[in-house]
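Right, one structure below, let's go through it.
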Amino acid sequence: MKPLILAFANSISDISTQAWNTVMGTVNPFCRHEFLLALEQSRSACVATGWIPRHLCVFDAGDTLNDVAFKDKGLSPLTEGALISGQTAQHFNRLSLIAVMPLYQKSHSYGEYVFDWTWAEAYARHGLDYYPKWVNAIPFTPVQGPRIGITPELENIEQKRIGELMLRALDQRLMHGTGEIQISSWHSLFVAPAQMPLFGASSTQLVKRLGTQFHWYNRDYRNFDDFLSRFSSRKRKNILKERAQLQPFGLKFEFVEGERVTELQWQTFIQCYQLTYLKRSGHRGYLTPTFFHQLGQLLAAQILLLVVKDAKGEMIAGALYFKGKNPQDQKCLYGRYWGTTVELDGLHFEACYYQGIQYCIEHEFQVFDAGAQGEHKVLRGFEPVVMYSYHNIAHLGFKAAIADFVEQETLQMQQYMAQMQDVLPYKKEPS
Numbered sequence: 012m013k014p015l016i017l018a019f020a021n022s023i024s025d026i027s028t029q030a031w032n033t034v035m036g037t038v039n040p041f042c043r044h045e046f047l048l049a050l051e052q053s054r055s056a057c058v059a060t061g062w063i064p065r066h067l068c069v070f071d072a073g074d075t076l077n078d079v080a081f082k083d084k085g086l087s088p089l090t091e092g093a094l095i096s097g098q099t100a101q102h103f104n105r106l107s108l109i110a111v112m113p114l115y116q117k118s119h120s121y122g123e124y125v126f127d128w129t130w131a132e133a134y135a136r137h138g139l140d141y142y143p144k145w146v147n148a149i150p151f152t153p154v155q156g157p158r159i160g161i162t163p164e165l166e167n168i169e170q171k172r173i174g175e176l177m178l179r180a181l182d183q184r185l186m187h188g189t190g191e192i193q194i195s196s197w198h199s200l201f202v203a204p205a206q207m208p209l210f211g212a213s214s215t216q217l218v219k220r221l222g223t224q225f226h227w228y229n230r231d232y233r234n235f236d237d238f239l240s241r242f243s244s245r246k247r248k249n250i251l252k253e254r255a256q257l258q259p260f261g262l263k264f265e266f267v268e269g270e271r272v273t274e275l276q277w278q279t280f281i282q283c284y285q286l287t288y289l290k291r292s293g294h295r296g297y298l299t300p301t302f303f304h305q306l307g308q309l310l311a312a313q314i315l316l317l318v319v320k321d322a323k324g325e326m327i328a329g330a331l332y333f334k335g336k337n338p339q340d341q342k343c344l345y346g347r348y349w350g351t352t353v354e355l356d357g358l359h360f361e362a363c364y365y366q367g368i369q370y371c372i373e374h375e376f377q378v379f380d381a382g383a384q385g386e387h388k389v390l391r392g393f394e395p396v397v398m399y400s401y402h403n404i405a406h407l408g409f410k411a412a413i414a415d416f417v418e419q420e421t422l423q424m425q426q427y428m429a430q431m432q433d434v435l436p437y438k439k440e441p442s
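All residue numbers for the sequence shown refer to our numbering, where the first residue is 12 and numbers rise by one.
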């Protein structure tokens, strides 16, 4: 059993792209080093926005623990065979990186999509601080995926041990604080199903929270009409009517591969994104223009920009999609950001749902994840899907209260999902 060193990275740039992507994988575009780097360098996720990077890294110490270079790194025992460092991860870059966890220190709960505002309010009513907290997630991205990346070269039993060590490191900081900062809790959001047993087996009995999203599944449809043929007659007519209302405007819809997106198209899309956010939320969105430009440079191969033009050929709307694979290893299209400079009934549904469905059918994508929430997706063929998050709370009294709350919430969520399943537009199979 190799000795290990655990350390926190204050920036994703402290870790090389190759090292991070080797252990985290590249099929989920949002877990890639390039995506997280764009968030940080564009100042979308940074100290000023309340997302302080604290990425947890595990290094193979090998035979270097007695090396003079490693004598004064603030190392202290975490458990047998593993040390945790008071120094940052960049001090250990000469060692082999074998595991990572995207982790942020938060001073608020914006951009997470697993809502714990009521928990924070309860803390405040009792004169306690809920913030700062730690969040193991991808900022502004409610997409299921790996929350711990471990090198695939290790055997399963060793991978399990390393995952357990990482959770133990979070718990240690939770119980004992880190310097002058006391963390109230840590939260792993949108955990991939394959990693749920690891979180479920934690010795600290994490609170498991259930949520739901709505995803579209490709049942080997030949085309969009074949997809609609599976609907009941009335609900099929509703979709056709909704799409038809845009026909008088002569709109053109085109998916542009990331490598082919022009500077003008990026600028127009960003303008659309900011304007739409401003109308809806009173601000220009969580993501800066630099973020989108950097994505276009770093992740072009996994990007699709839907360009919407009016009858004059001018771009009036856009939607940014990503190509990848979901945790079930299915070819997945992710719809993430959209915006428009005009107000047209049905344009949002066309740009963010129907065009995505059509693309999936034509390019044989198995799943379409069009984003969080939105039960209006159900009548358009999106099915309820369970999402899970895990939470550890330092205050034992509040942890018990939160666990009780989540237990009741889970029953309500299960009932809600059953109701949504019943209103799906598909024809009922004869019993």
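Built from N, CA and C at the ideal position, the CB exists for glycine as well.
On the criterion of 16 or more Cβ atoms from any shown chain inside 10 Å, does W349 qualify as buried, or is it exposed?
buried
How close, in whole Å, do the beta carbons of T162 and I95 come, if the pair is a contact with beta carbons under 8 Å?
In fact, because the Cβ distance is near 19 Å, the residues do not count as touching under 8 Å.
Give me, in chain order, the residues of the same chain whose beta-carbon lies closer than 6 Å to that of V79; leave out the 5 immediate sequence neighbours on both sides.
For V79, the predicted model reports a pLDDT of 43, less than 50, meaning its position is unreliable; a value from the coordinates is still stated below. Excluding sequence neighbours, V79 sits near nothing in its chain.
Is the beta carbon of K388 less than 8 Å from the beta carbon of F225?
With contacts defined as CB atoms closer than 8 Å, K388 and F225 qualify as a contacting pair.
For S4, count neighbouring Cβ atoms within 10 angstroms of its own Cβ and tell me buried if that reaches 16, exposed if not.
Absent from the model: residue 4. The displayed extent of the chain is 12 to 442, so no value can be given.
Contact between the region 15–22 and the region 84–103: three or more CB pairs below 8 Å?
yes
Between the C-alpha atoms of I63 and L298, what's the straight-line distance to the nearest angstrom?
15 Å
Comparing C-alpha positions only, which one of A30, Y365, A72 and L165 sits nearest to A255?
Y365
Can you name the residues that DSSP bridges to D71?
L15 and S107
On the DSSP bridge assignment, give the partners of M326 in chain order.
K320
Kindly indicate which three-state DSSP category F302 falls into: helix, strand or coil?
helix
Suppose contacts are defined by Cβ-Cβ distances below 8 Å. Is V397 in contact with N337 by that definition?
no
Hey, which unbroken runs of the alpha helix (DSSP H) at 4 residues or more fall wholly within the region 144–191?
167–187
Tell me the DSSP secondary structure of V79 in three-state form.
Model confidence at V79 stands at a pLDDT of 43, short of 50, so the residue's coordinates are unreliable; what they give is reported in the following sentence. V79 falls in the helix class under three-state DSSP.
What's the C-alpha gap between C363 and L89?
Put simply, the backbone Cα of C363 is about 47 Å away from that of L89.
Apply the 10 Å Cβ neighbour rule to R43 and answer buried if 16 or more other Cβ atoms are within range, or exposed otherwise.
buried
List the whole-angstrom C-beta distance separating G307 from G335, where the pair is believed to meet the contact cut-off of C-beta under 8 Å.
Not a contact, Cβ separation roughly 17 Å.
Examine chain C for any beta-carbon lying closer than 8 Å to the beta-carbon of I281, and answer yes or no.
Absence of chain C from the displayed structure is noted, only one protein chain being present.
Do I368 and N234 have their beta-carbon atoms positioned less than 8 Å apart in this structure?
no
Could you check the C-alpha separation between Q423 and M431 for me, to the nearest Å?
Cα-Cα distance, rounded: 12 Å.
Taking the CB atoms as reference points, tell me whether S400 and V111 lie closer together than 8 Å.
no
CB-CB under 6 Å to G160, same chain, minus the five flanking residues each way: which ones, in chain order?
V34, M35 and V111
Leaving out five residues on either side along the sequence, give the residues of the same chain with a beta carbon under 6 Å from the beta carbon of M326.
T279, V318 and K320
Please report how far the alpha carbon of L221 lies from the alpha carbon of H198, in whole angstroms.
13 Å
What are the residues that DSSP puts in a beta bridge with G346?
Beta-bridge pairing links G346 to Y332.
Hey, H66 and A20: beta-carbon distance below 8 Å or not?
H66 places its beta carbon less than 8 Å from that of A20.
What span of residues does the beta strand (DSSP E) with P395 cover, start to end?
E394 to I404
Can you give, in chain order, each stretch of the alpha helix (DSSP H) that sits fully within the region 231–311 and has at least 4 residues?
235–239, 244–255, 274–292 and 300–309
Whose C-beta lies closer than 7 Å to the C-beta of D9 among residues of the same chain, with five residues either side of it excluded?
For residue 9 there is no data in the structure shown, the boundaries of the chain being 12 and 442.
What residue range is occupied by the uninterrupted alpha helix (DSSP H) comprising G211?
Residues M207 to G211.
Which residues in the same chain as Y142 place their Cβ atom closer than 6 Å to its Cβ, once the five residues preceding and following it in sequence are excluded?
S118
For G97, name the three-state secondary structure that DSSP assigns.
In this structure, G97 counts as strand in the three-state DSSP scheme.
So what does DSSP say about Y437, is it helix, strand or coil?
strand
What's the gap between the Cα of F266 and the Cα of I314?
Distance between the alpha carbons of F266 and I314: 10 Å.
Consult DSSP for T351 and reduce its assignment to one of helix, strand or coil.
strand
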